[in-house]
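K.L.:
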Amino acid sequence: MLFLKFRIKPSHQATRSSSLPYLSIIGGGSAGLSVASTLAENLGNKAVAVVEPSDVHYYQPLWTFVGAGLKTFDESRMAMSEVMPEKAQWIKDSVASFEPNKNIVKLSNGESISYDYLVVAAGIQMNWGKIKNLSQALGKDGVTSNYSADSVVKTDEFIKTFRGGNALFTMPSTPIKCAGAPQKIMYLAEEQWRKAGIRSKTDIKYFTGLGKIFAIDKYANELLKICKARDLNVNYFTDLTEINPESKEAVFNVLGGEAKGTKLTLPYDFLHVTPPMGAPDFIKSSLLANADGWVDVDKETLRHNKFANIYALGDCSSLPTSKTAAAITAQSAVLKNNLLGDIFGDKQIAKYDGYTSCPLITGSDKLILAEFSGYTGQPQETFPFDQSKERFSTYLLTKEVLPEIYWKSMVKGTWDGPAKFRKLFRSA
Ligand SMILES: Cc1cc2nc3c(=O)[nH]c(=O)nc-3n(C[C@H](O)[C@H](O)[C@H](O)COP(=O)(O)OP(=O)(O)OC[C@H]3O[C@@H](n4cnc5c(N)ncnc54)[C@H](O)[C@@H]3O)c2cc1C
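So, in structure tokens, the structure goes:
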């Protein structure tokens, strides 16, 4: 077996304690990069490897704005080489499998790398193939999705060229990243069609495989009021399973209510699809996975429940909270504290409280800033006002300020979320 020369001798070995370990991070997305810089700074030159196959890093939260033509696609991306920490070693490949009993990961190219500590941050897997004909239909004749770098600009094009008819927006029954994104684009599309004077000849329907429009009642209640006021028809327990591009029909499985077990077929002129998602296959089939396929970590410490030298964060982890980049800001601080504590012997354990956030954009000048703990189901708001109300200030924050924080601080490992501001505002 060929072993990759990841364990190269650091150039400043003389100044670095020879007892310091080597660390591998799997994934250079939002989660991987939020920890990579700090760990590389602490462990020294090239002691940290980031395994990441992609040439491009995306700030995906911007894709709702891109799909509505409010930001350009270019603003959501950066070359991976630009954001990869200088002191980390980028291994441009993907992990094929794990051998945690031997402290080895195997790469797709057949090589293996060894580690002393491992951080898994490989994101969530999009299961496009689970909706019949979706892969062929995507990006054509009104079928689009903000969940793919390949189709997000098509959303903008199809909204602008829509001339009225049936517009359907779907959300699957599986866990997904940013559970608000499937409906945010509906509010933005509806606003554009209203302004274009075609709203009266447009029927808008939202289909979710779940039983609620949003997990937290405080925000769900406001969203339902908005849907009612704007004539957006919300349907529960309906999962998109098939698209017939020739007849322009969408087929749903009805999962609950009186029609449970039946199929519903509807014509569409515009169809925004959120695909089913799940744990990445290479994690699901590994010893790292829990019963649902996610990396099985302690929900407070982020340490693996069986392998003490493995941590995980972000969308691929088993952390029972809503999967967002905002959640990662809090998770990364906890992970770095606990992992560096293992290495340097500091036993002050940090605990993640399930913090997550979803900016529910409801128009091109307003949003509801949902912030809550996925562990308690209770709001965990930063600002000293009721965040369940639509506001311009939180819209501006999300559209203009958060992207700056992301590129200038989060990917560099220096942003650990709004907790300190929350304490400041709440104690004032
Ligand atoms: C349309 C949309 C809107 C969103 N809106 C918001 C929002 O408003 N607010 C918010 O906080 N979040 C939002 N999110 C969610 C947020 O983008 C994700 O939760 C976040 O990016 C997760 O980070 P991650 O590092 O876990 O996964 P990712 O950022 O997806 O990164 C995973 C990385 O792992 C790499 N990888 C995959 N497989 C392998 C492998 N086998 N080996 C090595 N590397 C691998 C990938 O190439 C990728 O770079 C949104 C997402 C979308 C799509």
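Position 200 (the sequence shown) corresponds to 480 in this note's numbering; numbering is contiguous.
Every residue gets a Cβ at the ideal spot worked out from N, C-alpha and C, and that includes glycine.
Sorted by chain position, which residues of the same chain lie with C-beta nearer than 6 Å to LEU282's C-beta, five sequence neighbours on each side aside?
P.N.:
In this predicted model, LEU282 has a pLDDT of only 39, less than 50, meaning its place in the structure is not dependable; the value taken from the coordinates is given anyway. If we look at LEU282 and ignore the five residues flanking it on each side, its Cβ neighbours are GLU391.
K.L.:
Start and end of the alpha helix (DSSP H) containing ILE411?
P.N.:
Careful: ILE411 lies outside any alpha helix (DSSP H) and carries neither H nor E.
K.L.:
Is the beta carbon of ILE305 less than 8 Å from the beta carbon of ALA429?
P.N.:
Not closer than 8 Å, so no.
K.L.:
Tell me whether ILE306 counts as near ligand 1, meaning its Cβ is closer than 7 Å to at least one heavy atom of that ligand.
P.N.:
At least one heavy atom of ligand 1 is nearer than 7 Å to the Cβ of ILE306, so yes.
K.L.:
Figure out for me which residue from GLY312, GLY349, ASN515, ALA327 has the closest Cα to the Cα of SER334.
P.N.:
SER334 has its Cα closest to that of GLY312, out of GLY312, GLY349, ASN515, ALA327.
K.L.:
Which residue marks the beginning of the alpha helix (DSSP H) containing GLN472, and which one marks its end?
P.N.:
Where GLN472 is concerned, the enclosing alpha helix (DSSP H) stretches over 461 to 475.
K.L.:
Our contact map puts PHE532 next to ASP549 with C-beta atoms below 8 Å; I'd like the distance itself, whole angstroms only.
P.N.:
Not quite, the Cβ-Cβ distance comes to about 17 Å (not below 8 Å), so this is no contact.
K.L.:
Would you check whether ligand 1 has a heavy atom nearer than 7 Å to the C-beta of GLN463?
P.N.:
The answer is no for GLN463.
K.L.:
Work out the CA separation of GLU362 and PRO290 for me, nearest whole Å.
P.N.:
Low per-residue confidence applies at PRO290: pLDDT is 34, beneath 50, and the placement is therefore not dependable enough to give any value.
K.L.:
Taking SER612 as the reference, give the member of PRO560, ILE623, LYS603, LEU593 with the closest Cα.
P.N.:
SER612 has its Cα closest to that of LEU593, out of PRO560, ILE623, LYS603, LEU593.
K.L.:
Can you find at least 3 beta carbon pairs, one from the segment 694 to 705 and one from the segment 601 to 620, that sit closer than 8 Å?
P.N.:
The segment 694 to 705 is in contact with the segment 601 to 620.
K.L.:
Using alpha carbons as the reference points, say which of MET466, TYR339, MET557 lies closest to SER314.
P.N.:
Comparing Cα positions, the closest option is TYR339.
K.L.:
How many angstroms separate the CA atom of ALA294 from the CA atom of GLY419?
P.N.:
Its pLDDT being 31, under 50, ALA294 is placed unreliably by the model, and nothing is read from it.
K.L.:
Examine chain C for any beta-carbon lying closer than 8 Å to the beta-carbon of SER612, and answer yes or no.
P.N.:
Any reference to chain C falls outside this structure, which holds one protein chain only.
K.L.:
According to DSSP, is PHE652 helix, strand or coil?
P.N.:
DSSP places PHE652 in strand when its eight states are reduced to three.
K.L.:
Taking C-beta to C-beta, are SER425 and THR521 nearer than 8 Å?
P.N.:
No.
K.L.:
Output the residue ranges of the beta strand (DSSP E) runs that lie fully inside the segment 609 to 671 and measure 3 residues or longer, sorted by chain position.
P.N.:
As far as the segment 609 to 671 is concerned, its whole beta strand (DSSP E) runs of at least 3 residues are 635 to 643, 646 to 653.
K.L.:
Quick check: does the Cβ of ILE608 come within less than 7 Å of any heavy atom belonging to ligand 1?
P.N.:
Flag set: Cβ of ILE608 near ligand 1.
K.L.:
Going by DSSP, name the residue or residues bridged to GLY445.
P.N.:
GLY445 pairs with THR482.
K.L.:
Would you mind sorting SER707 into buried or exposed? The rule is 16 or more other CB atoms within 10 Å of its CB.
P.N.:
The residue in question, SER707, is exposed, as its Cβ has fewer than 16 Cβ neighbours within 10 Å.
K.L.:
Under 7 Å from any heavy atom of ligand 1, does the C-beta of ALA650 make it?
P.N.:
No, the beta carbon of ALA650 sits no closer than 7 Å to any heavy atom of ligand 1.
K.L.:
Between which two residues does the beta strand (DSSP E) carrying PHE532 extend?
P.N.:
Its beta strand (DSSP E) spans residues 529 to 534.
K.L.:
Under DSSP, the beta strand (DSSP E) around PRO547 begins and ends at which residues?
P.N.:
First-last of the beta strand (DSSP E) with PRO547: 543 to 547.
K.L.:
Could you give the distance in angstroms between the alpha-carbon of ARG702 and the alpha-carbon of PHE652?
P.N.:
Approximately 12 Å, taken between the alpha carbons.
K.L.:
If SER377 and SER566 are in contact, beta carbons under 8 Å, what's the gap, nearest whole angstrom?
P.N.:
Confirmed, about 6 Å.
K.L.:
Please state whether DSSP places TRP370 in a helix, a strand or coil.
P.N.:
Residue state, collapsed to three classes: strand.
K.L.:
What do you reckon, are the CB atoms on ALA447 and PRO525 nearer than 8 Å?
P.N.:
No, they are not a contact pair.
K.L.:
In the structure shown, what three-state DSSP assignment does GLU522 receive?
P.N.:
Strand.
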